[in-house]
Amino acid sequence: MARILVTGGTGYIGSHTVVELMQQGYDVTIVDNLSNSSVDVLDGISAIVGRRPEFANIDCNDYVSMEAVFKQYPDIVGVIHFAASKAVGESVEKPLMYYRNNLGSLITLLEVMRRYHVYNIVFSSSCTVYGQPDKDHLPVDETAPIQKALSPYGNTKQINEDIIYDEAHADSSLHATILRYFNPIGAHPSALIGELPNGVPNNLLPFVTQTAAGLRAELKVFGDDYNTPDGSCIRDYIYVVDLAKAHVKAVERMLAGTPTEQVEVFNLGTGRGLSVLEIVRDFVEATGVNVPYQIVGRREGDIEKVWANPKKANEVLGWKADTPVKDVLVSAWNWEKHLRNIQ
Ligand code: UD1
Numbered sequence: 009m010a011r012i013l014v015t016g017g018t019g020y021i022g023s024h025t026v027v028e029l030m031q032q033g034y035d036v037t038i039v040d041n042l043s044n045s046s047v048d049v050l051d052g053i054s055a056i057v058g059r060r061p062e063f064a065n066i067d068c069n070d071y072v073s074m075e076a077v078f079k080q081y082p083d084i085v086g087v088i089h090f091a092a093s094k095a096v097g098e099s100v101e102k103p104l105m106y107y108r109n110n111l112g113s114l115i116t117l118l119e120v121m122r123r124y125h126v127y128n129i130v131f132s133s134s135c136t137v138y139g140q141p142d143k144d145h146l147p148v149d150e151t152a153p154i155q156k157a158l159s160p161y162g163n164t165k166q167i168n169e170d171i172i173y174d175e176a177h178a179d180s181s182l183h184a185t186i187l188r189y190f191n192p193i194g195a196h197p198s199a200l201i202g203e204l205p206n207g208v209p210n211n212l213l214p215f216v217t218q219t220a221a222g223l224r225a226e227l228k229v230f231g232d233d234y235n236t237p238d239g240s241c242i243r244d245y246i247y248v249v250d251l252a253k254a255h256v257k258a259v260e261r262m263l264a265g266t267p268t269e270q271v272e273v274f275n276l277g278t279g280r281g282l283s284v285l286e287i288v289r290d291f292v293e294a295t296g297v298n299v300p301y302q303i304v305g306r307r308e309g310d311i312e313k314v315w316a317n318p319k320k321a322n323e324v325l326g327w328k329a330d331t332p333v334k335d336v337l338v339s340a341w342n343w344e345k346h347l348r349n350i351q
C-alpha cells in the first residue's frame, strides 16, 4: 500500500488526518519535532486505528534528516504538510521565528521531494489569506481576492502558497493541493485524540471547554458591537474529522492523476457561519454544562465575519462537512473531560 508522509502529524489536524489515512489503508510516516504536540498522541492514534504510524522526531527545516526519511521510506508517494507554527499573537512578537520555521520547512520539503521524485503535496493553508472579504465575496469562494496579511503567521501562509505555485511552474511533475481551512473544532469521537492547546488557549473552542471544565472562570467574548445579527463575530466552524477526511480525498485525487490543474485550491468549510454567542449557546444546549461569559472589547486584528462557499470542494473533491455542530461541540467536551478525568 502507498505511504504518505505527514509533517506535523502529531498536531491537532495532523493526528486526525493520520487516523483517516490509516483507516483507508495507507501507511503513514509522521515527521514532527514535537514543538507544539506530544509523543503520546501516537498512542491515541494507535488505539483508534489498531496499528502504529511510523514516527521520526525531526525538524522539517533539517535537510539531512528529512533526506534520511525519504531514503528510509522509498514507498512515499505523497506528502501532507501540516508542520508549522500557528499562533497569530506569537508571530507578531517573533516574526523571524515564524518566517524561518514556516517558510524554511516548506522549502526544505520541496527540495527533498524533488530529489526523491515525490511529486504530490497537500498544503495546509488558511482562510486567513482572504482577510475580511467584502459583501460580494461572502460566502468566500476560491476566486475571492487575497488580501494583505494582518500577521506574520498569515503572511507565511500566503508566501508558502506562492512558493508552491512558483515551484510547480518550474517543475511540471509537481502536483499540489492547497487546502484553505476555516475554523477547525472538535475532537475524534473516541476522545483519544483532540486539540492540546499550549497554556491559555487563543482559539475559541478550547477556551469554551476549559471554562466549562472550571479551569477558567469565564469566557471573554471579544466584542458584541460588530455588524452581525447578535453583534459577535461570525466564523465557519468545521469539524476536524470532516476536515481530516478532505485530506484523504485530496491525496486520492492526486494519486489517481485526476487534477485538472497542477495546483488546485479548495476552501474547506461548512458553508454556514455561526457567531461566538451562537457557539456558546449551542455548546450549553448540547452538553448541559454552563459556560459563564462576559462581553469585553474587540480583539485587535479580528475579522468581523467570514464563512466558506465550499461548493468546489463538494463537487470536485466529492467531500462535504456535514457533522451537526452540536455533535461536534459534544466531541470537544468529551475530549476536555478525557483530559481532565471528568466523569
Ligand atoms: C485565528 C487566527 C487565524 C488562524 C486561526 C487558527 C486571528 C485574527 N486569526 O482565527 O489566522 O488561522 O486562528 O485556528 O487570530 N473569541 C472570543 N473569545 C476567546 C477566543 C476567541 O470571543 O477567548 C472569538 C474571536 O473573537 C473570534 C472567534 O471567537 O470571533 C474565533 O476565534 P479564534 O478561535 O481565535 O479563531 P480566528 O480568530 O477565526
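Our numbering runs 8 ahead of the 1-based position in the sequence shown. Glycine included, each C-beta is placed from N, C-alpha and C at the ideal position.
Straight-line Cα distance separating residue j from residue i
i    : j    : result
R11  : L29  : 10 Å
P197 : W343 : 8 Å
A221 : D335 : 18 Å
L204 : T151 : 33 Å
F90  : Y301 : 33 Å
R307 : G231 : 7 Å
M262 : A195 : 27 Å
D51  : T37  : 14 Å
H24  : A178 : 33 Å
Y234 : K319 : 27 Å
Exposure of residue i, with buried meaning 16 or more beta-carbon neighbours within 10 Å
i    : result
Q218 : buried
V72  : exposed
A340 : buried
L104 : exposed
N349 : exposed
S180 : exposed
G265 : exposed
V284 : buried
Residue i in three-state terms, based on DSSP
i    : result
Q302 : strand
P153 : coil
K94  : coil
S181 : coil
Y189 : strand
T295 : helix
D244 : coil
E203 : coil
I88  : strand
N362 : Here the chain covers residues 9 to 351 and nothing more, so residue 362 does not appear.
Contact set for residue i: own chain, Cβ-Cβ below 7 Å, skip 5 residues either direction
i    : result
A176 : L182, A184, Q270 and V271
V256 : E28, L29 and Q32
F63  : I38 and L50
Spatial neighbours of residue i in its chain, beta-carbon cut-off 6 Å, leaving aside the 5 residues before and after
i    : result
A199 : N342, W343 and H346
T149 : The sequence given here places Asp at residue 149; Thr does not occur at that position. Within the same chain, D149 has close Cβ partners N317.
Y138 : V148 and A152
T278 : D244, I246 and A329
Chain-order list of residues whose beta-carbon lies under 8 Å from that of residue i (same chain, five-residue window excluded)
i    : result
M74  : V39, I66, C68, T116, L117 and V120
I171 : L111, L114, I115 and L118
Closest Cα partner of residue i within the set the options
i    : options                   : result
K94  : N128, T136, S240 and V77  : T136
T268 : G277, A258, M105 and N275 : A258
F274 : F63, G265 and F190        : F190
S159 : A178, G97, S134 and R188  : G97
F131 : Y107, K320 and G86        : G86
C241 : Q351, K228, N168 and D174 : K228
I56  : V26, D310 and R122        : V26
G58  : S45, V77 and D35          : D35
P141 : G326, A321 and D310       : D310
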